[in-house]
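Read left to right, the first sequence gives residues 37 to 818 (this note's numbering).
Even for Gly, the Cβ is constructed at its ideal location relative to N, Cα and C.
Everything on this sheet refers to the single structure shown next.
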Amino acid sequence: MDAILRDLTEAQRSAVTHIHGPQLILAGPGSGKTRVVTHRIAFMLAQGIPAWNITALTFTNKAADEMRKRIDRLAPGQPVWMGTFHRFCAQLLRRHASLVGLKENYSILDTSDSKQILKRAIEVAKVSTSHTSPEKIGATISRFKNRLALPETLEGQSLGANEHVASRVYAAYQQQLLIANAVDFDDLLLHAACMLRDNPDLRADLDLKHRYIMVDEYQDTNLAQYAIVRSLSIDNPNLSVTGDPDQSIYGWRGADISNILGFEKDYSDVQIVRLEENYRSTPEILHVADTLIRNNSRRKDKHLFTNNPSGPPVTLRMYLDGYQEADDIAAQVAMNVGRGEIRPGDVAIFCRMNSLTRVFEHAFNAHAIPYQIVNGTEFYQRKEVKDVLAYLHLLNNPGNDVAFARVINVPTRGIGAKTLKDLTAHADRYRMPLLEAAREVHAIKSLSARYQKKVTDFVEMYDELAAHAMLPVPDLLGLLLDMTKYREYLQTMADDEADNDRVANVDELVSAATDYDDRHQDEASLEGFLEQVALVSDSDAWDDAGDRVSIMTLHAAKGLEFPHVYVIAVEARLLPHERSMNSDAELEEERRLLFVGITRAERYLQLSYTRQRMFRGSHSPMAPSSFLVELPRDTMNLVNTPDLVDQCYGGGDDYNQDMGYPDSWDIEDESLATEKLGLDDEICQLPDEQPGGDGIGVVKERPTLGIVGIKTAAEMLQRRDSGSLPGETFRAGSRVSHPKYGEGQILTISGRADKRTAKVRFDIGHIQSFILKFAPLEMAKS
DNA sequence: CCCCTGTTATTTTTT
DNA sequence: ATAACAGGGG
Numbered sequence: 037m038d039a040i041l042r043d044l045t046e047a048q049r050s051a052v053t054h055i056h057g058p059q060l061i062l063a064g065p066g067s068g069k070t071r072v073v074t075h076r077i078a079f080m081l082a083q084g085i086p087a088w089n090i091t092a093l094t095f096t097n098k099a100a101d102e103m104r105k106r107i108d109r110l111a112p113g114q115p116v117w118m119g120t121f122h123r124f125c126a127q128l129l130r131r132h133a134s135l136v137g138l139k140e141n142y143s144i145l146d147t148s149d150s151k152q153i154l155k156r157a158i159e160v161a162k163v164s165t166s167h168t169s170p171e172k173i174g175a176t177i178s179r180f181k182n183r184l185a186l187p188e189t190l191e192g193q194s195l196g197a198n199e200h201v202a203s204r205v206y207a208a209y210q211q212q213l214l215i216a217n218a219v220d221f222d223d224l225l226l227h228a229a230c231m232l233r234d235n236p237d238l239r240a241d242l243d244l245k246h247r248y249i250m251v252d253e254y255q256d257t258n259l260a261q262y263a264i265v266r267s268l269s270i271d272n273p274n275l276s277v278t279g280d281p282d283q284s285i286y287g288w289r290g291a292d293i294s295n296i297l298g299f300e301k302d303y304s305d306v307q308i309v310r311l312e313e314n315y316r317s318t319p320e321i322l323h324v325a326d327t328l329i330r331n332n333s334r335r336k337d338k339h340l341f342t343n344n345p346s347g348p349p350v351t352l353r354m355y356l357d358g359y360q361e362a363d364d365i366a367a368q369v370a371m372n373v374g375r376g377e378i379r380p381g382d383v384a385i386f387c388r389m390n391s392l393t394r395v396f397e398h399a400f401n402a403h404a405i406p407y408q409i410v411n412g413t414e415f416y417q418r419k420e421v422k423d424v425l426a427y428l429h430l431l432n433n434p435g436n437d438v439a440f441a442r443v444i445n446v447p448t449r450g451i452g453a454k455t456l457k458d459l460t461a462h463a464d465r466y467r468m469p470l471l472e473a474a475r476e477v478h479a480i481k482s483l484s485a486r487y488q489k490k491v492t493d494f495v496e497m498y499d500e501l502a503a504h505a506m507l508p509v510p511d512l513l514g515l516l517l518d519m520t521k522y523r524e525y526l527q528t529m530a531d532d533e534a535d536n537d538r539v540a541n542v543d544e545l546v547s548a549a550t551d552y553d554d555r556h557q558d559e560a561s562l563e564g565f566l567e568q569v570a571l572v573s574d575s576d577a578w579d580d581a582g583d584r585v586s587i588m589t590l591h592a593a594k595g596l597e598f599p600h601v602y603v604i605a606v607e608a609r610l611l612p613h614e615r616s617m618n619s620d621a622e623l624e625e626e627r628r629l630l631f632v633g634i635t636r637a638e639r640y641l642q643l644s645y646t647r648q649r650m651f652r653g654s655h656s657p658m659a660p661s662s663f664l665v666e667l668p669r670d671t672m673n674l675v676n677t678p679d680l681v682d683q684c685y686g687g688g689d690d691y692n693q694d695m696g697y698p699d700s701w702d703i704e705d706e707s708l709a710t711e712k713l714g715l716d717d718e719i720c721q722l723p724d725e726q727p728g729g730d731g732i733g734v735v736k737e738r739p740t741l742g743i744v745g746i747k748t749a750a751e752m753l754q755r756r757d758s759g760s761l762p763g764e765t766f767r768a769g770s771r772v773s774h775p776k777y778g779e780g781q782i783l784t785i786s787g788r789a790d791k792r793t794a795k796v797r798f799d800i801g802h803i804q805s806f807i808l809k810f811a812p813l814e815m816a817k818s
């Protein structure tokens, strides 16, 4: 107990010890929020509250893991449920699927999968899409769902034209989803909320079970999430939420800032705790953040302060273009690392869009600095990965039509658009899944015997696979890669470098499955694996163990902190983004986004913008962000910012290159080269390659997945330890050499641990399998 | 039916 | 830049 309450401030202790009744913790950035939350859980456990009565809802899996780790230190081995809203709902639905018309093996569709269903729904609903697009309709439906509006409840409401169209598609869309026994991301929340609303007994049971609920990042909850939390804290209103209105950055996803602003009105006798002291940043950084956020009108006023020692001023810097920006930052990092001031893992780079991260791959490779691009979902969006996952989805849920349509002709089986169309027509007519329709293909007269046969063959192969669906996921994967000949398919398709990665990605997926299997032991299941994969989030990919520079979007940066932070591309049309210039509310959200970025920094912060940037394949001129003039520039270190005077902030269109830049922008002599980061007086060495010169942009090779660049899937799904497998450097596609047979290429890898086996085709034509543990195989040099 | 090629739209942010 | 899509030859 002493360990739990010791070292807490008055305010923190008050938050930790208030366990009965509602509580709102307004926690500014870096105010020790995670600490309060974890200590509070430990305190509750110490008070004798059973772990299974405590539920902590976090925003990312990563945050849940972090919390679990910390609680384990204070109170080892207690099964407190921690996870994201989506996972919480997914598990709730798994148990009570029939209440919302699903079966327990339902599939969770990602955005692109649900778009397929949506397109089909648009056809079924027979609406005209001349003035709208599937994306728009999808966005509107998503908004309906986040506001808990069902197709029925929308009827008779006065809707705009677009909303009217969307509401008709909505009904068809939900029906298609139900037939497919599938849900989209929004449905996880929506179904859970509806289930709780419509089943009072169940609600009461769950309210009792989840007697103590904590919600993190409460400012980012939407109405559906609000309703779920609300209905689980009626009889037992022991709800403690933490959040910061100034860090609300998910309004576009339906997050409703009034959930937190109005918390006191929703619950009676709310204890409000304000955590305003910042333990993270220097006063210089905090001052910049505070000055910026004061330009927002819709907020709870708060007084941020810190007792931390002073540090270097915040730097604001202009670059000529994105290449120079990336290269200079990489050079700065290399220099600081070289001097032993920092480690690569101390540095983070934040940007508004994922596409802005690309140039940094080249830059960091050129300076030999290890880095990670934190983009967790990217791996699972790849074609080959989605293909293989689709087979698994279909095995888990035979109703999953998106999966069926995806795999029916992959690898090519001579089943094309026409056949699929006829199958779909039959399926729609009898309201059955495509796989069922395929079983009745003989009844589809529009298909000749020849194509009926092809379909039947597929169904037979499926059934054979399905007979083994209970195998451990990695084994099932191996079997399906064999039976479908998917790996060979990739290999025969491989005609350039990029295609080699594909085979590696499939192998990567197998290791992800192996990893899942190892970690979940008895509870491992196909649907568990698929659920886990479906709910990975971008920030889950962030790995603090690797000691690498982290590059990520501002959204993914939430909740993290780094000694050195670079926020790049603080430019008009990007930040604030041009698509959020319609309303003050959206503009303020953009400002909060920058605020989040700034407040991640502990000691050193640089904001930068460029004059010109590669955009959608062509160069376009850039202007500084309007947010920059809101900063306290008199206290900052301005480097090469001749254009940053208080005029010239049009939308960016009226900006052009004649606008009074110094003609001779000589990098060697300018302060770019002498900037000193407040660390010492040494002169920063410029990189060899000058921006725009030959050295940059010619680096063709991307880092291979899993080496330096993108985090691998296995790593991503990994929570704890994982012993390395013998021969794990061998992959399908690897070039290997053998003392007797010479060089060759690995065709397939199979088996686990000591039995890991490689099948190799040697250049002399000979094919042979080896158990890697014993074989005299080496990676080929070249 | 498959595959190749040229055209078009598309991009904010994410579970 | 890139992916999704359409249309035509094989």
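Short of 8 Å from the beta carbon of R233, and not among the five residues preceding or following it, lie these beta carbons of its own chain, in chain order: R239, A263 and S267. Around the C-beta of S169, fewer than 16 other C-beta atoms lie within 10 Å, and the residue is accordingly described as exposed. Rounded to whole angstroms, P345 and E320 show a C-alpha spacing of 10 Å.
In the assembly as shown, M506 is an exposed residue. Its beta-carbon has fewer than 16 other beta-carbons within 10 Å. Judged by beta-carbon spacing, P668 lies beyond the 8 Å limit of Y640, meaning their Cβ atoms are not closer than that value. Bridge partners of W117 according to DSSP: T91.
The beta carbon of H122 sits closer than 6 Å to those of L224 and L571, all from its chain and outside the five residues before and after it, given in chain order. Using a Cβ distance threshold of 8 Å, V509 and A461 do not count as a contacting pair. Secondary structure at T351: strand, using DSSP grouped into helix, strand and coil.
At the C-beta level, F299 and V265 stay beyond 8 Å of one another.
DSSP, reduced to helix, strand and coil, places I285 outside both helices and strands of the structure shown, so it counts as coil. Under DSSP, L275 takes part in a beta bridge, and its partners are I249. Per DSSP, D574 has no beta bridge partner at all. Annotated as proximal: A100 and M118, with beta-carbon spacing under 8 Å. Following the DSSP letters along the chain, one finds N673 inside the beta strand (DSSP E) bounded by residues N673 to V675. By the Cβ-count criterion, K457 is exposed, with fewer than 16 other Cβ atoms from all chains shown falling within 10 Å of its own Cβ. With 16 or more neighbouring CB atoms inside 10 Å of its own CB, T589 falls in the buried class.
In the displayed model, I405 falls within coil according to three-state DSSP, outside both helix and strand. Per DSSP, the beta bridge partners of N258 are A291.
Residue pairing from DSSP places Y602 in a beta bridge opposite I385 and Q642. In this structure, the beta-carbon distance from F440 to L483 does not fall below 8 Å.
Here V219 is not near I158, since their CB atoms are 8 Å or more apart.
If you keep only unbroken alpha helix (DSSP H) runs of at least 4 residues inside the region 448 to 531, you get 453 to 465, 470 to 475, 485 to 502, 509 to 519 and 522 to 529. When the Cα atoms are used, N258 and I296 turn out to be separated by approximately 10 Å. The bridge partners DSSP lists for L60 are V277 and I308. The way I'd put it, the region 367 to 385 does touch the region 595 to 611; three or more beta-carbon pairs between them come closer than 8 Å. A residue is called buried when at least 16 other Cβ atoms come within 10 angstroms of its Cβ; Q261 meets this threshold and is buried. Rounded to whole angstroms, the gap between the alpha carbons of S50 and H429 is 48 Å. When only Cα atoms are considered, V546 and R418 end up about 14 Å apart. Contact annotation: D576 and K105 have beta-carbon atoms that are not nearer than 8 Å. For V585, the enclosing beta strand (DSSP E) stretches over residues V585 to T589.
The three-state reading of DSSP puts A185 in coil, since its state is none of H, G, I, E or B. By the neighbour-count criterion, in which 16 or more other beta carbons inside 10 Å mark a residue as buried, I177 falls on the buried side. Pairing A47 with R310 gives a Cβ-Cβ distance under 8 Å.
Counting only the Cα atoms, T413 lies some 29 Å from A207. Of all alpha-carbon atoms in E567, L515, K301 and D243, the one lying nearest the alpha-carbon of D499 is that of L515.
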